[in-house]
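Residue numbers (our numbering), protein chains in the order written: chain A, 1260 to 1494; chain B, 1260 to 1494; chain C, 66 to 294; chain D, 66 to 294; chain E, 129 to 385. We put the beta carbon where it would ideally sit given N, CA and C, even for glycine.
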Amino acid sequence: MHELMATMGKALHLLVSFDPALWEIIGVSFRVSLTAILVALPPALLVALVLARVAFPGRWLAISLVNTFMAVPTVVVGLVLFMLLSRSGPLGEWQLLFTQRAMVIGQIILASPILIAMLHSSLQSIDQRAWETARQLGAGRLQAFAMLIHEARFGVIAAVLAAFGRIIAEVGSAVMIGGNIEHFTRTITTAIALETLKGEFAQGIALGMVLLLLALLLNVLLGVMRGRGQQMVSA
Amino acid sequence: MHELMATMGKALHLLVSFDPALWEIIGVSFRVSLTAILVALPPALLVALVLARVAFPGRWLAISLVNTFMAVPTVVVGLVLFMLLSRSGPLGEWQLLFTQRAMVIGQIILASPILIAMLHSSLQSIDQRAWETARQLGAGRLQAFAMLIHEARFGVIAAVLAAFGRIIAEVGSAVMIGGNIEHFTRTITTAIALETLKGEFAQGIALGMVLLLLALLLNVLLGVMRGRGQQMVSA
Amino acid sequence: MLEVSRLSHGFGRRPPLWEIPHLRWDGRSLVHLRGDNGSGKTTLLRLLAGLDTPRRGTIRWTLDDGAPAAPPRFGDLLYLHQQPYLFDTSVAGNLRHVARWQGWRGDDARSRIASMLARCGLADHARQHARSLSGGERMRLALARAWLLSPRVLLLDEPTASLDRQAIDDITALILSLRETGCAIVLSAHQQSVLTERCDAEWHLERGGLQVGDMQAGIAEPRPLGADS
Amino acid sequence: MLEVSRLSHGFGRRPPLWEIPHLRWDGRSLVHLRGDNGSGKTTLLRLLAGLDTPRRGTIRWTLDDGAPAAPPRFGDLLYLHQQPYLFDTSVAGNLRHVARWQGWRGDDARSRIASMLARCGLADHARQHARSLSGGERMRLALARAWLLSPRVLLLDEPTASLDRQAIDDITALILSLRETGCAIVLSAHQQSVLTERCDAEWHLERGGLQVGDMQAGIAEPRPLGADS
Amino acid sequence: AEIIRLATTTSTYNSGLLDYLLPKFEQDHPYQIQVIPVGTGKALRLGRDGDVDLVLTHAPAAEKAFVDAGYGVEPHGVMYNDFVIVGPSDDPAGIKGGDDAVKALATLADKNATFVSRGDDSGTNKKENHLWKAAGVTPDFSNYKAAGQGMGAVLKMTSELQGYTLTDRGTWLAMKDNLDLSILVEGDTKLFNPYQVILVNPERYKNLNTEGARALAQWLISDEGQTLIDAFRLKGKVLFHASAGEAVDPSKAVGAN
Ligand SMILES: Nc1ncnc2c1ncn2[C@@H]1O[C@H](COP(=O)(O)OP(=O)(O)OP(=O)(O)O)[C@@H](O)[C@H]1O
Ligand SMILES: Nc1ncnc2c1ncn2[C@@H]1O[C@H](COP(=O)(O)OP(=O)(O)OP(=O)(O)O)[C@@H](O)[C@H]1O
Ligand SMILES: [Mg+2]
Ligand SMILES: [Mg+2]
């Protein structure tokens, strides 16, 4: 216990010490993951809407596929992307390997299934009449869509948080296609992996706590933003 | 592309070849992760219900905390558990390190936040009147709770699938506290990690596909079970 | 049966919707609760049912010679929502839920359910999804669920609003027979109907207070009968 | 205005609810759609609004001298659900949604919303959450949303079911004034009220068919008036 | 059978040596061995915490500290192999053919060639840092990339980036078919890479299987074990040289292949 306690202290100290090396990797982590979420969200919303609202043959299979891809190991995404982006791979000319951009792509792929699955589940539970009412009251398709998202906002926020949690915490793809290069593609999680490799467990946990503290901050901010309120659910 | 195609073929071949070594690690993976989900689900449901239905001071903070823990890197959970379960740690006497049981514990910790967050979000969107109606019609608390879960079943299934996806695909905690011991604690993902270390990317991807194929199977079965139906959402 | 004192309730920072200094009801009369939109009928019924806690005042029910107590346990007392909640399953499934909660099994449960469906004109819809029912059929199903229980107290929030004439006749008969068995019933309704005409007491929420009138005894002055005069 | 031919609709493997060989409506009469619970009133109105596709038959609307066409674009034609859906925001917010979709801005939007709230008796509730409204207030809000649009065709599904007498008087006045401006209106209702009395045509869904009666001209035989006779 | 837990470096594990050796040990002894493949740093950490019974690693300085601190006992040299410097076949920095690792590294720094470093404090990384020091260079030139990963990943990266790196021969042999690199510098006595087996100090923890661990260690340095190590081939190449008991002559560590 003692060692774990000491680790907590170390994490706090790390955070407030404003160690530039630490803030550099924090910056990379958040930049990459936030970008990935922002890019992945609009198409995910669209796909989720189609899955929730449009009855097409094979829809349930499509949903099963999305659910399946939630179980893809991050390192497998990393491996596949690596083979695609490798010099000898079909997209080698883009020279994306070991760049932050490649990491963003990897995280988009990782975030999408969980975003789609969760958005689908909350959009589906919105009353059928919501869409009809909006459309009849003069909303265009896009406006009605925006209204649906607003109605499902608690679920949407939950989906974004879950997807963000998944990708900011993932290491398999980040390390494969980012390369964990110091000052460049090293993120909090790849740094943790490195500390672990070295046997510096306490340092690894301290970094993990730094990540959690920042995530908590983000969540609390979001919580304050959405007004602590609870949804009204009486129809 | 060619190489990726070949890899697909290899994965299929691996699966149908009934290589006992492969099926052994598949067995470990699914046994550990399914156990973890089954153990984690009931308390997660309870916590989610309380968060969704009981107004207590600090509730929104509790929700933020749960959301935050979705962002905990798997390896950090592994590290913390390692330090607890290590012989030099406070729980060293249990001698759990490098056993499947320890892996189950790690995965329970990983599954819980995502389960709670998603269950909370779907239970919250169930109409307030549902609980009142059930209770008034003579349902006991437990029965009314079961009814709520039934009303939210699509969300519950989505939550279980997301959590299962997360833990069957995770490697950080499994490798730290399982130790990736052959015939004992080696799972699909730790095997992939090992293949990756060896530079055998194709083999790693093939293993990943095996995992995905099995996950797809599971999902399709579940899809058939829940009857392909869509929720009726008119209140 | 029911004793209410110094009861008042409201929402947010608004003044109370109404204040009821004192109300006593023996539970034997069939009560028609009236009041304009937003006068607080639903609010009052929910408080009586114990679904919400009043801002001020007390509500005491005395059932079966017991001691006066806060709203009795669910199952004995039943409040029917103005827009009833139907469980996300078939029509018969909604009733089966209730049967299970009552602990009925096998043939007993099945026959009770079947006869209740027939009585409410839903026999043809037994396997239909409850939420695809028409407006009137929904209310019938909700009433059927309630009848299954034979509660001691029944608080009905606008049960007749979307029913056709035949259905109103039917539930009037049901309500009267329930009342025979000693069930205490309050119902709210805007429109006059054969049911409200059979009521023998009236509670009128007006200008922040509750006017009580005994219709059978002719104490209630003849009112202008809204839509149907 | 409206021309329907060989229309029929049903659900699942059941026989069609009704068949309408032919129906023609000039849109100038105020139509009262009647029928028992489950007779298919809601179904018919949804088909006319183009929210569902009929199993068989065609529906043609002719608006503003245009060519006859399938149900016109939303916004011109408005169907009000029997249980209206309120957006998960405040009362005023519900109207602001509509204002935004109509492209109104700033003071214009604000004043329209304020006057509509006053007209529907919801001015005091502007900032309340829409879903905490009472049953009657919900319907008023839904109607207010619809009035904002001044549609060409208005299909109202039991708008008066949970309204008090004053509210029915108010919306009767509104409906009549809308009709003056050339809006074609169909409304369904079980109970008779001042509003149904002002209707000058009746469509009656009965035994699988649609009976059309012209009430002003005295063609419709006097019916027994359900609850209020 | 009783369980022996052995922590070892991934390079040893991945070469297949243990899969080849251990079953032979298990045949004649009442033990079952659980191998935990990790990095050198983590392996020593597992030993320190008493979570394994013995370690097999290759980082002489760290191992010395490990034993000096009393975490481990009875260190024995088991075998050795060597490091090589690999790089692109067209060798833009022109270090090919030499056998002076220090000079080669100095040239790389001078030419600002792409160099991928393990950067993970592993045995290999320590060796590399040692060489940079000997060359009098601080490796901070702009194309120096500290990857912080295992040997296999670093080799892949190096191949992708067409850069240079220092690798152990075992991993190199295992992976070279998948790489677009070739050996440029080898044979320097400074590239010597000895492996030691060390028992975890039984005085620090109860429940350790020290007896089994000692049996395994003794077997590894016995004639039988040593012969088997020498006979091991990876893709037809000799990989490890048994070295128990002798004060290893570094010059024997090189050249053989
Ligand atoms: N949660 C709430 N917050 C704020 N105001 C509320 C809330 N619930 C109800 N009200 C208001 O309290 C008043 C009384 O509501 P109630 O539902 O009791 O009316 P009612 O008499 O049942 O009306 P109706 O005949 O329309 O059903 C209404 O004006 C309503 O808007
Ligand atoms: N999706 C559906 N599946 C099966 N049956 C349905 C479905 N929707 C409606 N029905 C049935 O079709 C019939 C007509 O329904 P509709 O809602 O049109 O009746 P209505 O005339 O509006 O009745 P009410 O006066 O009770 O509102 C009802 O018996 C209803 O149960
Ligand atoms: Mg009410
Ligand atoms: Mg209807």
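The beta strand (DSSP E) enclosing residue i, as first and last residue numbers
i, result
"residue 244 of chain E", "243 to 245"
"residue 1399 of chain A", "Looking at the DSSP string, residue 1399 of chain A is not in any beta strand (DSSP E), and its letter there is neither H nor E."
"residue 86 of chain D", "83 to 90"
"residue 165 of chain E", "159 to 166"
"residue 111 of chain D", "Looking at the DSSP string, residue 111 of chain D is not in any beta strand (DSSP E); the run it does join, the alpha helix (DSSP H), is 106 to 114."
Partners in chain B for residue i, counting only beta-carbon separations shorter than 7 Å
i, result
"residue 231 of chain C", "Here the premise fails: no neighbours, minimum Cβ distance about 25 Å."
"residue 284 of chain E", "1458"
"residue 1412 of chain A", "Under the 7 Å cutoff, chain B gives no residues; its nearest Cβ is about 11 Å from residue 1412 of chain A."
Opposing strand residues paired with residue i [DSSP bridges]
i, result
"residue 1366 of chain A", "Paired residues: none, contrary to the question."
"residue 398 of chain E", "Nothing about residue 398 of chain E can be reported from this structure: the residues present for chain E run from 129 to 385 only."
"residue 139 of chain D", "D/142"
"residue 239 of chain E", "Its beta-bridge partners do not exist; DSSP assigns none."
"residue 166 of chain D", "None; residue 166 of chain D has no bridge partner."
"residue 293 of chain E", "E/214"
"residue 276 of chain C", "C/269"
"residue 150 of chain C", "Answer is none; residue 150 of chain C lacks a bridge partner."
Under 9 Å from the C-beta of residue i: neighbouring residues of chain A
i, result
"residue 210 of chain D", "1392 and 1396"
Interface residues of chain E facing residue i [CB-CB closer than 8 Å]
i, result
"residue 1345 of chain B", "177, 178 and 179"
Buried or exposed (CB count within 10 angstroms, at least 16 for buried), residue i
i, result
"residue 1280 of chain A", "exposed"
"residue 1424 of chain A", "buried"
"residue 283 of chain D", "Reliability fails at residue 283 of chain D, whose pLDDT of 44 lies under 50, so the model's placement of it is uncertain and the value that follows must be treated cautiously. It is exposed - the Cβ of residue 283 of chain D has fewer than 16 other Cβ atoms within 10 Å."
"residue 77 of chain D", "exposed"
"residue 1315 of chain B", "exposed"
"residue 1391 of chain A", "buried"
"residue 87 of chain C", "exposed"
"residue 74 of chain C", "buried"
"residue 365 of chain E", "exposed"
"residue 1264 of chain A", "exposed"
"residue 166 of chain D", "buried"
Host alpha helix (DSSP H) of residue i (start-end)
i, result
"residue 227 of chain E", "Where residue 227 of chain E is concerned, there is no enclosing alpha helix (DSSP H), given that its DSSP letter is neither H nor E."
"residue 152 of chain E", "145 to 156"
"residue 1310 of chain A", "1279 to 1312"
"residue 1469 of chain A", "1460 to 1484"
"residue 226 of chain C", "Run containing residue 226 of chain C: none; DSSP gives neither H nor E here."
"residue 354 of chain E", "351 to 359"
"residue 269 of chain C", "Where residue 269 of chain C is concerned, there is no enclosing alpha helix (DSSP H), although the beta strand (DSSP E) it sits in stretches over 266 to 271."
"residue 1457 of chain B", "1447 to 1457"
"residue 209 of chain C", "200 to 214"
Contact set between residue i and chain A, taken where Cβ atoms lie within less than 7 Å
i, result
"residue 191 of chain E", "Those do not exist, as residue 191 of chain E stays about 13 Å from chain A at its closest Cβ, beyond 7 Å."
Proximal chain C residues relative to residue i, where beta-carbon distance stays under 8 Å
i, result
"residue 107 of chain D", "199 and 200"
"residue 1406 of chain B", "152 and 162"
9 Å Cβ cut-off: residues of chain E touching residue i
i, result
"residue 1453 of chain B", "138, 141, 142 and 165"
"residue 1449 of chain A", "276 and 277"
"residue 1440 of chain A", "244, 247, 273, 274, 275, 276 and 285"
Contact list for residue i against chain A, beta-carbon separation under 8 Å
i, result
"residue 76 of chain D", "Near residue 76 of chain D there are no residues of chain A at all, since even the closest Cβ is about 15 Å away, more than 8 Å."
"residue 193 of chain D", "The contacting residues do not exist; residue 193 of chain D stays about 11 Å from chain A at best."
Heavy atom of ligand 5 within 7 Å of residue i beta-carbon
i, result
"residue 1357 of chain B", "Ligands displayed in this structure: ligand 1, ligand 2, ligand 3 and ligand 4; ligand 5 is not among them."
Contacts that residue i makes with chain B (C-beta to C-beta distance below 8 Å)
i, result
"residue 1402 of chain A", "Residues of chain B passing the Cβ test: none, with the nearest at roughly 20 Å."
Chain-ordered chain D contacts of residue i [CB-CB under 7 Å]
i, result
"residue 1388 of chain A", "146 and 150"
- What does the shell around ligand 4 hold, if a residue joins when its beta-carbon is under 6 Å from any heavy atom? Those residues, listed in chain order, are C/199, C/200, D/106, D/107, D/147 and D/222.
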